[in-house]
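Right, one structure below, let's go through it.
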Amino acid sequence: MVFEFDVLGPLRVSRDGVPVRLGAAMLRRLLATLLCTPGRPVAVPALVEALWDDDPPRSAHKTLQIYVLRLRQAMGDRDRVVHGPGGYAAAVSESELDALRFRELTAAGRAARRNGDPAKAGALFRRALGLWRGPAFADAGDGALVADEARRLEEERLLTCEELAVADLACGRHAELVTGLTEMAALHPYRERLHACLMLALCQAGRQAEALRVYQRVRTMLGEELGVEPGHTLRRVHEAVLRGDTGDDSHDRRNYHCGDHGGAPGSVAALLLGPEEEPYGESAGFPYALRTDTADQAGAEDAGPVVAAPCHLPPDIGDFTGRHELTDSLRQCLTGAQDPPATPVVALYGRAGAGKTTLAVHVAHSLGEVFAHGRLYVDLHGTRPRPADPADALARLLTALGVAARALPDGLEERGRLFRAVLADRRVLVVLDDAASEEQVRPLLPGGPGCAVLVTSRRRPAGLSARAVRVDALGPASAAALLGRIAGPERVAARPAVVAEIVRLCGHLPLAVRIAGERLAQREHWSPEHLADRLREERRRLDELVAGDLSVRARLDADYRVLGTPARRALRMLGLLDVPEFAAWVLAAALDVPVREAEAYADLLVDAQLLSCAADDAGGRFRYRFHDFVRAYARERAELEETGGEREEVVARVLGALLTVAEEAERGLPEHVASAVPGGPISGTGCG
Numbered sequence: 000m001v002f003e004f005d006v007l008g009p010l011r012v013s014r015d016g017v018p019v020r021l022g023a024a025m026l027r028r029l030l031a032t033l034l035c036t037p038g039r040p041v042a043v044p045a046l047v048e049a050l051w052d053d054d055p056p057r058s059a060h061k062t063l064q065i066y067v068l069r070l071r072q073a074m075g076d077r078d079r080v081v082h083g084p085g086g087y088a089a090a091v092s093e094s095e096l097d098a099l100r101f102r103e104l105t106a107a108g109r110a111a112r113r114n115g116d117p118a119k120a121g122a123l124f125r126r127a128l129g130l131w132r133g134p135a136f137a138d139a140g141d142g143a144l145v146a147d148e149a150r151r152l153e154e155e156r157l158l159t160c161e162e163l164a165v166a167d168l169a170c171g172r173h174a175e176l177v178t179g180l181t182e183m184a185a186l187h188p189y190r191e192r193l194h195a196c197l198m199l200a201l202c203q204a205g206r207q208a209e210a211l212r213v214y215q216r217v218r219t220m221l222g223e224e225l226g227v228e229p230g231h232t233l234r235r236v237h238e239a240v241l242r243g244d245t246g247d248d249s250h251d252r253r254n255y256h257c258g259d260h261g262g263a264p265g266s267v268a269a270l271l272l273g274p275e276e277e278p279y280g281e282s283a284g285f286p287y288a289l290r291t292d293t294a295d296q297a298g299a300e301d302a303g304p305v306v307a308a309p310c311h312l313p314p315d316i317g318d319f320t321g322r323h324e325l326t327d328s329l330r331q332c333l334t335g336a337q338d339p340p341a342t343p344v345v346a347l348y349g350r351a352g353a354g355k356t357t358l359a360v361h362v363a364h365s366l367g368e369v370f371a372h373g374r375l376y377v378d379l380h381g382t383r384p385r386p387a388d389p390a391d392a393l394a395r396l397l398t399a400l401g402v403a404a405r406a407l408p409d410g411l412e413e414r415g416r417l418f419r420a421v422l423a424d425r426r427v428l429v430v431l432d433d434a435a436s437e438e439q440v441r442p443l444l445p446g447g448p449g450c451a452v453l454v455t456s457r458r459r460p461a462g463l464s465a466r467a468v469r470v471d472a473l474g475p476a477s478a479a480a481l482l483g484r485i486a487g488p489e490r491v492a493a494r495p496a497v498v499a500e501i502v503r504l505c506g507h508l509p510l511a512v513r514i515a516g517e518r519l520a521q522r523e524h525w526s527p528e529h530l531a532d533r534l535r536e537e538r539r540r541l542d543e544l545v546a547g548d549l550s551v552r553a554r555l556d557a558d559y560r561v562l563g564t565p566a567r568r569a570l571r572m573l574g575l576l577d578v579p580e581f582a583a584w585v586l587a588a589a590l591d592v593p594v595r596e597a598e599a600y601a602d603l604l605v606d607a608q609l610l611s612c613a614a615d616d617a618g619g620r621f622r623y624r625f626h627d628f629v630r631a632y633a634r635e636r637a638e639l640e641e642t643g644g645e646r647e648e649v650v651a652r653v654l655g656a657l658l659t660v661a662e663e664a665e666r667g668l669p670e671h672v673a674s675a676v677p678g679g680p681i682s683g684t685g686c687g
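So this is what it looks like as structure tokens:
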């Protein structure tokens, strides 16, 4: 059987020339994910994340096996999806996958270019581009693996378009290139190489004035929008156009290979492919080719353009409320001079739904003028079962900065070194959202004092030399103002007492307040009193706090999944007790473990922002308190995961411990109660 797998457009599979019907969207998403790394296994957790994002069902692994079986049946060849120690892999040869054929043809075109044969190179580039039918993986979902591969392929497609334009210019096809290059340059205004090709095509077609207007238009745009000058290559082309020295056809063809061996200054190849660029620094603006050891080894033609001032921030919200002093403080921390000079790193940490990401994005948007060379954003998926690999995150950052996929080094250390080299002497803000750990963040830090880093995380970071800032609930006034901005100020202005109760029942947490406001806005027949009445019942409160894809329970689910098994069990046991606060000996009794061990589990929950902790008295004993909504969530998990008998045993142990406390208190010896709790090995530091 002969298979063809096409991903350069909508996903398409054929067997012996007959289309294969994949049917369910999940099968298409599964196959697309496997085709991102043809012949190499994709780990099961990565496939689960690709299929269900951050909300997999409890039976995800079993359901994945069923999808694999159905995919094999649809293709009629079980050997096309193989399972091994590393996960599942698509057994696909280079001739069967259009993305691999595209890369093979592009590589062959570049080889012809290096050999000084622009006609052959152009033909190969044209064949490569002819494989495209639309955006890569156009209908295969938006999973991270597929989205990243689609971005890489799109970048390679644009580079191939530029290579084809250079080859056609060298072959004298000036006039026929103008229309296509004009359209492409309009679609990609920051790709200076496209504008350089357009200028040369216009000039060699006898339209020098129009070529100079292209340069002026690009220069004005870069200056007004980004505050930078055109890069070195575009400036060189501009100078050549002014001199009328853009080369004749025969001269261009003779010197087409000058990217490797030098060439006449006036040749098209010399202007667009080499031979050398200025060093990457302040005086060079944003040059086309990044000259580093890594880029040189991969081939200078693969390095790609360095994008001027990329901004990949999510949209800012129009109803940002409160936190004015904190916003000003963060701006000062990220932009203020340090002595000695160092990269400012600020870490926002706090519980789920506190608005860390919203705050970080809002601050980053306000600093566009300060960080004129770019603001980068990466979601590190720290609360997912499989956090982002730092090496993959660096690949995304470098690609955003214009380094071509083929120029990326393989190792984490090498990518980090290239990342720091690209950002040397630049002013770029890097936003690292939802970080899992210091180990994940540390390789992503730039080295220059002109850059800054803003990190968000559930946990307070350690070992990053960062300023840690806790982001907690809003004040009552700000929470009420946010509710009014979402639900409508007139609707809530006449009921201040009810509004105050709603935001209190929401714990003044921005996410919960936003959901409450959205529910009022969606249901115009609801009064604030009606919503308040629905929120008063604690056992149903999490059911009420859902609006669209916003859900307090979903955020708590994410926190719960990344806990270890003992910490999960500790949270469930605490949910059974239905107490607002407790001492460590209570958890020790519930778990039937020593107090020291119970304290360790409680501290893990504090680190995960699921509990808070405060000293109970001068003796240094601690008491722990649930954050808002966590107690109800913990009770839900206990009822879902513990049997009735297990729940009864936990309550019985804690009641026995309480009885012992009462007896020991009566004898005036509360500090020794832990060792006397019936039915369990509780011992240690005493109770609170």
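Residue numbers for the sequence shown follow numbering that gives the first Met the number 0, so the first one is 0 and each next one is one higher. Cβ atoms here follow ideal geometry from the backbone N, Cα and C, with glycine treated the same way. Computed from a predicted structure; not experimentally measured.
- Taking 8 Å as the upper bound for CB-CB distance, Ala73 and Gly22 are in contact here, some 7 Å apart.
- Residue environment analysis places His60 among the exposed positions, since fewer than 16 neighbouring C-beta atoms fall within 10 angstroms of its C-beta.
- In the DSSP assignment, Ser477 falls within the alpha helix (DSSP H) that extends over 475-486.
- Secondary structure remark: continuous beta strand (DSSP E) runs of at least 3 residues inside the segment 430-469, in chain order: 451-456, 466-469.
- Between the segment 502-518 and the segment 462-476, the count of C-beta pairs closer than 8 Å reaches three or more; the two stretches touch.
- DSSP assignment within the segment 493-558 yields the following whole alpha helix (DSSP H) runs of 4 residues or more, N-terminal first: 495-504, 509-521, 527-535, 537-543.
- Assignment of Leu26 by DSSP, reduced to helix, strand and coil, places it in the helix class.
- With a cut-off of 8 Å on Cβ pairs, the segment 114-127 is not in contact with the segment 2-19, counting fewer than three such pairs.
- Spanning the alpha carbons of Cys450 and His507 requires a straight line of approximately 34 Å.
- The beta carbon of Glu48 lies closer than 6 Å to those of Arg385 in the same chain, with the five residues before and after it left out.
- Taking 4 residues as the shortest admissible run, the segment 586-662 contains the following complete alpha helix (DSSP H) segments, listed from N- to C-terminal end: 594-606, 629-640.
- Counting along the chain, the unbroken alpha helix (DSSP H) around Leu417 starts and ends at 411-422.
- If you draw a straight line from the Cα of Leu193 to the Cα of Asp391, it is about 28 Å long.
- By the C-beta criterion, the segment 557-573 is judged not to be in contact with the segment 527-537, since fewer than 3 inter-stretch pairs fall below 8 Å.
- The beta carbon of Leu422 sits closer than 7 Å to the beta carbons of Pro445, Gly447, Cys450 from its chain, once the five residues preceding and following it are set aside; these are given in chain order.
- Ala107 sits close to Leu123, with the two beta carbons spaced by under 7 Å.
- The beta carbons of Ala597 and Leu610 sit about 12 Å from each other, so the pair does not count as a contact at 8 Å.
- Pro593 and Ala137 have their C-alpha atoms roughly 56 Å apart.
- If you keep only unbroken alpha helix (DSSP H) runs of at least 4 residues inside the segment 323-378, you get 323-334, 355-364.
- Bounds of the beta strand (DSSP E) holding Gly86 are 86-89.
- Restricted to the segment 57-118, the alpha helix (DSSP H) segments that are unbroken, complete and at least 4 residues in length are 59-74, 97-113, listed in chain order.
- Residue range 11-14 is occupied by the beta strand (DSSP E) that includes Arg11.
- Inclusion of His311 and Leu375 in the CB contact set at 7 Å is warranted, their separation being smaller than that value.
- Cβ-Cβ distances below 7 Å link Gly352 to Leu508, Pro509, Leu510, Ala511, Val551, Arg554 in the same chain, with the five nearest sequence neighbours on each side left out; the list follows chain order.
- In this structure the segment 426-443 touches the segment 456-464; the number of beta carbon pairs closer than 8 Å is three or more.
- Taking one beta carbon from each stretch, the segment 187-202 and the segment 139-153 have fewer than 3 pairs nearer than 8 Å; the two do not touch.
- Burial check for Asp409: the Cβ neighbour count within 10 Å stays below 16, so the residue is exposed.
- With fewer than 16 other CB atoms across the displayed protein chains lying within 10 angstroms of its CB, Thr178 is exposed.
- In the structure shown, Leu197 adopts helical secondary structure according to DSSP, grouped into three states.
- Between the beta-carbon of Arg151 and that of Thr398 there is about 7 Å, and that keeps the pair under the 8 Å contact cut.
- Looking at the backbone, the Cα of Leu453 and that of His372 are separated by about 16 Å.
- For Asp391, no beta strand (DSSP E) encloses it; the enclosing alpha helix (DSSP H) starts and ends at 389-399.
- Residues of the same chain with a CB within less than 8 Å of the CB of Thr342, apart from the 5 flanking positions on each side, are Leu444, Pro445, Gly446, Gly447, Pro448, Cys450, Ala451, Val452 in chain order.
- Counting every other CB atom within 10 Å of its CB across the protein chains shown gives Met198 a total of 16 or more, marking it as buried.
- Looking at Val240, Arg156, Leu407, Leu26, the one whose alpha-carbon comes closest to that of His187 is Arg156.
- By the C-beta criterion, the segment 495-506 is judged to be in contact with the segment 518-537, since at least 3 inter-stretch pairs fall below 8 Å.
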